Every structure is written in structure tokens, then in C-alpha cells.
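Scroll down for the structure; my scribbles are underneath it.
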Amino acid sequence: MNRIEKSIIESFNTMSEQSFSQIATHTNIPKGTVKKYLVILLKKEVLEAIGEGRGRYYHLAKSNEPKQIAVFKSTELIGFLGYEAGRYLFEYDKSYKGKKLDGLTEDAIVTSATLFPVFENLIPESDRRNAYLEEDKNLAEILLELKNTHGDFDFVSADKLYAYKADHSKRKNWVLVKKKILEIQKFVNIMDLTIDIEKEILEEKGKHSSLSGYQNKIDVNIDFEKKIVSQNSDALYLLKPYNSESAIYNFKDKNQIHLPFMGLNEHLFMSFAKNEYDFDVPWSGLIVGEKDFHYVVKRYDRYDGYKYEQRDFAQIMNIKSDQKYFTTSEKLFDAIAEVIKSKEERIKFLEFYFFSFMIEHADLHIKNISILNIGKDKQKLSPLYDLISNGIYRGDSDELGLPLSGKKKNISLDSFYQLSSKIGISKLQTKKIAKNMIEIFIEKFPKYIEISTQIAAFEHLKIQKNRYSFGTFSIDLQKFYDRRIESFKQRGLLRELGL
Numbered sequence: 123m124n125r126i127e128k129s130i131i132e133s134f135n136t137m138s139e140q141s142f143s144q145i146a147t148h149t150n151i152p153k154g155t156v157k158k159y160l161v162i163l164l165k166k167e168v169l170e171a172i173g174e175g176r177g178r179y180y181h182l183a184k185s186n187e188p189k190q191i192a193v194f195k196s197t198e199l200i201g202f203l204g205y206e207a208g209r210y211l212f213e214y215d216k217s218y219k220g221k222k223l224d225g226l227t228e229d230a231i232v233t234s235a236t237l238f239p240v241f242e243n244l245i246p247e248s249d250r251r252n253a254y255l256e257e258d259k260n261l262a263e264i265l266l267e268l269k270n271t272h273g274d275f276d277f278v279s280a281d282k283l284y285a286y287k288a289d290h291s292k293r294k295n296w297v298l299v300k301k302k303i304l305e306i307q308k309f310v311n312i313m314d315l316t317i318d319i320e321k322e323i324l325e326e327k328g329k330h331s332s333l334s335g336y337q338n339k340i341d342v343n344i345d346f347e348k349k350i351v352s353q354n355s356d357a358l359y360l361l362k363p364y365n366s367e368s369a370i371y372n373f374k375d376k377n378q379i380h381l382p383f384m385g386l387n388e389h390l391f392m393s394f395a396k397n398e399y400d401f402d403v404p405w406s407g408l409i410v411g412e413k414d415f416h417y418v419v420k421r422y423d424r425y426d427g428y429k430y431e432q433r434d435f436a437q438i439m440n441i442k443s444d445q446k447y448f449t450t451s452e453k454l455f456d457a458i459a460e461v462i463k464s465k466e467e468r469i470k471f472l473e474f475y476f477f478s479f480m481i482e483h484a485d486l487h488i489k490n491i492s493i494l495n496i497g498k499d500k501q502k503l504s505p506l507y508d509l510i511s512n513g514i515y516r517g518d519s520d521e522l523g524l525p526l527s528g529k530k531k532n533i534s535l536d537s538f539y540q541l542s543s544k545i546g547i548s549k550l551q552t553k554k555i556a557k558n559m560i561e562i563f564i565e566k567f568p569k570y571i572e573i574s575t576q577i578a579a580f581e582h583l584k585i586q587k588n589r590y591s592f593g594t595f596s597i598d599l600q601k602f603y604d605r606r607i608e609s610f611k612q613r614g615l616l617r618e619l620g621l
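In the numbering used here, the protein residues as written are 123 to 621.
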């Protein structure tokens, strides 16, 4: 075995499974040479490969796969996750006396043919994940590499428990540090920053963040003095690069779903929700790219090296990630009633849901709504994330991601009255909430349309509408605003609310 082969094999000591580009990065060996020796090592059966194309990954053929994974929450050992004969197993540690995990309420060993949703929902949706599923691999292995997943989970190979050292005893209550975590937010926040990340990584999906979801996300930190954004597994920020396949108009592709300025869309509505409606929303900003904006958002479940418990409603409702749209608004609010006891927080959930309806947040599913544990098992609506308006792109957009009264569009106030009753909020109070929210939308949103005209200064970022003509984001916003107001009028919402 020569020096190059040894170098490639040794790289798996730090990452048990790697893509072609990751091997080249970790070994500093030219990609052409890596490609040549991967073929040799596969023939020697030193390595094994799973997946095809961009979703192809390599691991040591004779590596000792961990039989058990120790599961920690807020640095406390709670149990062990295993995989045997094609089935997943979970058992609580005998010394653990705390609250049970969502969907795992039994003290005895629980088994399942699929990974338990409370863990499965943590794994990023990606080609790699799909390769595991197609080849019946142990999906739980990926959990060992999620060093910065949302919430307070840690996963450690059971044979390496001795090396796990973490202590959250001095962690401050999230409410006390909320302002420092979320920070002040202005719109539009376009930053003069350089992204020090390879283009190949910017375009990959689900491989460079410990956070779930299929949109490309990269764990990063920002050096504001040097004005550099760099990849970091212990990141405090999340970078969402623009997707060239959807952001850039392709007149040759008749089936293209053209979605320009997705980052600007999210930044605008996150800022609007934060500054005009007083929702908890993390700091965010934009970085000018070659063809579109990259979007950066701060994490809100990290502070001073500590993790805070966050659970999304896919975990709470024990629903797998690929079923995240396959429930209803009514079932979601039944779940909210179970876990949220504070009336003030229940009102926040209703306000957020009405806000989502108002801006046509049609991608709102149960993984995009979460709760934070703020101490003594008190739960609150987590700061908002993944907040966009589909209506800016489509005049016939759905108004919600989950059906309400069996519908996703043309939703009535009566449907919201029925929904709010599930969490103990009266029709009168719901009506006041709806009136206030639409009133703010009517009065304040034009300011955001006006500010968005600043984007026209970036000549290379014009929106191509078809093969010959261009448009602007501010014009699309104005059309969306006018269309929503007209829709509210036609449905009688404004008249019913006295607006």
C-alpha cells in the first residue's frame, strides 16, 4: 500500500463516510489522483461505495460499525439507539428519570422498521440520505456526524462515551439572553462580505449543515472584522446560497420553476414579521452573489457555547419528514393545545398562522413550526425561520401549506374561528387579532416595497421574466400586495373586520 492509499484510508478516521470532494479536501490530494485511487481501493475491497453520481459516498469496508449510539439531551445521557437485523431499537438509560422523548413513551426497548421520527427529522434531506434509504443502510449512522443539529441533542458512539465531555449547568435561561441572540434587524441588510467557500459546496444540497431540510444550507461563522464568511461545524450562522437551477431563468427548460431572489424574499418577510409584528425572529442579511443574493441567518438555539432544546411539530406529532405536508391545520392545533399551556403563547401561534396565511406562506409545514423549552419545561413558539411568500411568484398560490377546513386557498375567517377554538381563543379575540394583522399589512407593507427598489442598483441581479424581458422584485411585491388586498375585499374579510 503506497503513501496516497494510506492517506486516503487515514482520512476516514476523522469522518467515517465521505464524498469524493471531501476525500480530496481532507487529504489535499489532487482530485484526478483521488479518483484514480478510489477505483483501486474499491477493487481491493478496502473501501465500499453507496449511491451514484453526486450522491455517491465511500466508507471503510472493514470498519467496525457502532452497535449502539448514546443519545444525550442538554448533556444528560437519556438512552441508547441501536440497529440490528434491519430494525431500529431504542431504550432509555436505567438512570434517566426525566421527560420521555416524543413518540418514545415506553420504558422497555422499542423497535421499529424505520428510524424513529424524533431522530429521523434531525437528518438533512439529501442525496446521501436517499442513498442510505435505497440501500437499506443504517440511517442512524448519520446522526453521529450531526455535531450542530437543531436543539440540544448530542449523539456519541457508545464505545466512545469516555470521550464525551459537556456541561450545561451554567447555561442561562433563553429568555434572559434573547435580545443578544436575536439582535436588532433592519431591512434591507446587504452586507459587504466575502464567502470563503468552494463553489461546489455552495451548490450541493444537504451535505454541509447539521440542520434538516432539503434546501442547501451551510454551517458558517462570520468574521465581521475581516468580512469573511467561512464554513464551520460549530457554527452560529446558517448560509443559504442561491440555487442556480431555480434562481437563473433558463428559457430552454420548459419545466423550470423559476424562483429568483428566494433569499431576499425570506429576508424581507423575516424582517417584516420582526419589526412590524414583534415576532421573535433572528438576525438575517444578504450577500451579493454572481446572479442572485445569498441569505445568512443567525441561529437562535445557541448561545455562549450552550445548546437550547427545540422540537419541531413533526417530532412532536411523531410524523416522518417525508410526511410533513400530510396532516391538517386542525391536527396541528390539537398538538399545540397539548404542549402549549400559556394563553399568551397560544395567541402567538395563532398570530403566526394568520400571518402565514396573509403572506401566502404555502411552504409552511410541520417541520417549519417549532417550540423552545425556556426552562422548567415551559414551552414557547420558537423564533421564526424559513419564512417566505409563495404568492410573490404565483398569483394562484396556496395560502397555507396544510389544509384548513379541507382547503389551502380561499380560506375564510370562519375557518380561523374554528381553528382558534382548539386552543381556547374566542371568536371575538380571533377577530381582533385578524383585524390588527391585516391593518398592519395594509399600512406598513408599502414601505418594504419602496425599500426593495434599492435592489435595482444591482444591475447584474435583474429578474429575467422571459427570453427577452426583465423585471424587478419591487414590481412583483407591488403586484402581490395589490392582489392580496383585492382578495381580502372580494371575500368580505375587510368588511367583516371593519377595515
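Glycine is no exception: its CB is placed at the ideal position from the N, C-alpha and C atoms.
Nothing here was measured: the structure is a model prediction, and the numbers come from that model.
Closest to residue i by C-alpha separation, out of the options, would be which residue?
i, options, result
"I493", "A457, I510 and G513", "A457"
"F212", "G225, G220 and K219", "G225"
"Y218", "T236, S234, S196 and F238", "S196"
"D518", "K294, A578 and R606", "R606"
"M313", "L244, L386 and I379", "L386"
"E325", "Y364, L315, P246 and K165", "Y364"
"I370", "D276, L381 and I547", "L381"
"S406", "K413, E412, F394 and D414", "F394"
"G204", "F277, N558 and E521", "F277"
"E482", "R516, K269 and K569", "R516"
"L629", "D485, M559, Q307 and Q190", "What the structure shows of the chain is the stretch from 123 to 621, and residue 629 is not part of that stretch, so it cannot be assessed."
"H290", "D426, E127, E242 and V297", "D426"
"F275", "E242, V342 and S534", "E242"
"I126", "K157, S141 and I340", "K157"
"M480", "Q586, K489 and F563", "F563"
By how many angstroms is the C-alpha of residue j removed from the C-alpha of residue i?
i, j, result
"M97", "T450", "Coverage of the chain is limited to positions 123 through 621, which leaves residue 97 absent and any answer about it impossible."
"Q501", "K463", "8 angstroms"
"G154", "I162", "13 angstroms"
"N186", "K529", "At N186, the pLDDT of 46 sits below 50, so the modelled position is not reliable and the matter cannot be decided from this model."
"K429", "R613", "45 angstroms"
"L333", "A578", "Only weak support is given to the placement of L333: the predicted model assigns it a pLDDT of 42, under 50, and the value that follows is read from those uncertain coordinates. Approximately 33 angstroms between the Cα atoms of the pair."
"E267", "E618", "53 angstroms"
"F610", "S543", "22 angstroms"
"S548", "F567", "28 angstroms"
"K531", "A288", "48 angstroms"
"L541", "L599", "29 angstroms"
Terminal residues of the continuous beta strand (DSSP E) containing residue i?
i, result
"Q432", "Q432 to D434"
"G407", "S406 to V410"
"R293", "Run containing R293: none; DSSP gives neither H nor E here."
"D341", "I340 to D345"
"S234", "V232 to S234"
"E213", "R209 to Y214"
"S279", "F275 to S279"
Which residue or residues does DSSP assign as beta-bridge partners of residue i?
i, result
"A171", "Y180"
"T316", "I350"
"I585", "G593"
"S492", "D434"
With H, G and I counted as helix, E and B as strand and the rest as coil, what does DSSP make of residue i?
i, result
"Y371", "coil"
"V299", "helix"
"N377", "coil"
"G204", "strand"
"T136", "coil"
"I191", "strand"
"Q501", "strand"
"F238", "coil"
"E618", "helix"
"V310", "coil"
"R125", "helix"
"E267", "helix"
Starting from residue i, trace the alpha helix (DSSP H) both ways and give me its first and last residue.
i, result
"Y399", "M384 to Y399"
"H148", "F142 to T149"
"Q540", "L535 to S543"
"K549", "K549 to I573"
"K465", "K465 to M480"
Please tell me whether residue i has its Cβ less than 9 angstroms away from any Cβ of chain B.
i, result
"I562", "Among the protein chains of the structure shown there is no chain B, as only one such chain exists."
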